[in-house]
Amino acid sequence: MKHSLETICAHAGAVADKLAGAITSPVYLSTTYNYEPRGEEPDGFVYTRLNNPTRSQLEQILTQLEQGEEAAAFASGSAAAQACFTSLSPGDHLIVNEDVYTGVRTMLLDIFIPWGLEVTFTDLTDLQNLERSIKPNTKLVWTESPTNPQLGVVDLKNLIKFCKSTQIRVAIDNTFATPYCQNPLALGADLVMHSTTKYLSGHSDVLGGALITAKQDVQWEKIRQIQQILGAVPSPFDCWLIMRGIRSFVPRMETHLKNAKAIAAFLDKHPMVEKALYPGLTSNPGYAIAKEQMRGTGAMVAILVKGGKKQAIAFIKNLKIFTNATSLGGTESLVEHRKSVEGPESPTPESLVRMSIGLENVDDLINDLDQALNGLK
């Protein structure tokens, strides 16, 4: 029986324990498992790097959330991205959205290009750039939507349609959108990636990542092999914590989105804001596409502060409730000057401030933003 997102999340990690009847599943910390000697390769649980009951349970939940066929959990979102890129071969060509998480950019530039991948960074909010970037050896397109940190919207439906016609695989980092707002596999993507550190766990207390596949094909089996052999897997307790977080995912997202929408509307009209970047604003170039392919436009908001880098940093220093910190998706609101974090080679504007909108009272957050911006005058 197929269940709704709310039901899947409410019961995450709630398989009754056969031994005691506990409705919250135990954490299986054992590193090794007894199996029947048969003179052939064992099946079932053998060694926790290969598989683990708690991790398997998390992978089943992630598969359901993203409407895929199977999921593989990793120790971080970066480890999940690494597994995807490692499944390619030296000489393969990869197209990546220009506005992309800086960790992925650095990974490709410093590790995978020297290893042998060819990479083209281009603005995929204009699909003509995709067509211009295709090469005979192009194997994969990797993008986010909304993008990090400039909140651009990529037309996933038409990007995927074009890639299918040319037999190019598509991987979507769905961390910003979350399964609450968007399901790329339902749009035809081949892979979805998550940093489960963020909204899925939701409490800023656990590191994790995942890949979810539309089909258990040859490429997926290679990714699964990479997961098991290279061993960048989450601990059983990390998996349990992520499932704990998923139980409250839907009500948390409802508040995140409500707060973000109100805050984006406020910032869009503030005289000290040059531009508010949020897909849910009608002024956003991707608004129509976001409305078509998303059920909600996320809880990340960015602004360009009038006066450039100096004023952007002064604005952050003026804030009282928002915490200046990396990451996103927790209960608390975070803020960051992304260019300082990403480095001089980043395409992020100097005046951009990225905000992860939390679960605080929205009036308190708006008042904090207002006093911080007004302090710049």
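Here the sequence shown is numbered in our numbering, starting from 24 and rising by one per residue.
For every residue, glycine included, the Cβ atom is placed at its ideal position computed from N, Cα and C.
Please read all numbers here as calculations on a predicted model, not as lab measurements.
Buried versus exposed call for E167 [16 or more other C-beta atoms within 10 Å across all chains shown]:
Taking a 10 Å sphere around the C-beta of E167, we find 16 or more other C-beta atoms and assign the residue as buried.
Would you mind reading off the limits of the alpha helix (DSSP H) that contains L88?
Per DSSP, the continuous alpha helix (DSSP H) segment holding L88 begins and ends at 76-88.
For V358, list the residues DSSP reports as bridge partners.
For V358, which the question treats as bridged, DSSP gives the partners N347, M378.
Would DSSP call T109 helix, strand or coil?
In the structure shown, T109 sits in a helix (DSSP, three-state: H, G or I).
Nearest candidate by alpha-carbon position, reference M266, set Q80, Y70, P76, A311:
When Q80, Y70, P76, A311 are compared, the shortest CA-CA separation from M266 is found for Q80.
Can you tell me where the alpha helix (DSSP H) holding E154 begins and where it ends?
First-last of the alpha helix (DSSP H) with E154: 150-156.
For the candidate residues T86, T189, M130, L388, whose alpha-carbon lies nearest to that of P159?
Comparing Cα-Cα distances from P159 to each of T86, T189, M130, L388, the minimum goes to T189.
Tell me which same chain residues have a C-beta within less than 7 Å of the C-beta of V229, skipping the five on either side of it?
Once the five neighbours on either side are set aside, the close Cβ partners of V229 are T220, D261, L264, I265.
Return the residue from the list V385, N282, Q239, M378 that minimises the CA-CA distance to L174.
Residue M378 is the option with its Cα nearest to L174.
N- and C-terminal bounds of the beta strand (DSSP E) containing T166:
Residues 161-167.
How big is the Cα-Cα spacing for H116 and Q242?
Whole-angstrom Cα-Cα distance: 15 Å.
Thinking C-alpha only, which one of P137, P172, A285, S218 is nearest S369?
The option with the nearest alpha carbon to S369 is P172.
Going by C-alpha to C-alpha distance, which of S218, P49, S356 sits closest to A98?
Taking each of S218, P49, S356 in turn and checking the Cα distance to A98, the smallest one comes out for S218.
Simplified DSSP state of T47, which is helix, strand or coil:
Correct three-state label for T47: coil.
Could you tell me whether the Cβ atoms of E59 and T236 are closer together than 7 Å?
Their beta carbons are not under 7 Å apart, which means E59 does not touch T236 by this criterion.
Under three-state DSSP, which class holds M276?
In this structure, M276 counts as helix in the three-state DSSP scheme.
C-beta contact flag for L290 and A283 at 7 Å:
No, the pair does not count as a contact, with Cβ atoms beyond the cut-off.
Tell me the start and end of each unbroken beta strand (DSSP E) in the stretch 244-311 that is at least 3 residues and wholly inside, in chain order.
The qualifying runs are 296-300.
I269 and I134 look like a contact to me (Cβ under 8 Å); what is the Cβ gap, rounded to whole Å?
Between the beta-carbon of I269 and that of I134 there is about 31 Å, and that puts the pair past the 8 Å contact cut.
Under 7 Å between the Cβ atoms of Y408 and V38?
This structure does not reach residue 408, given that the chain is present from 24 up to 400, and the question cannot be answered.
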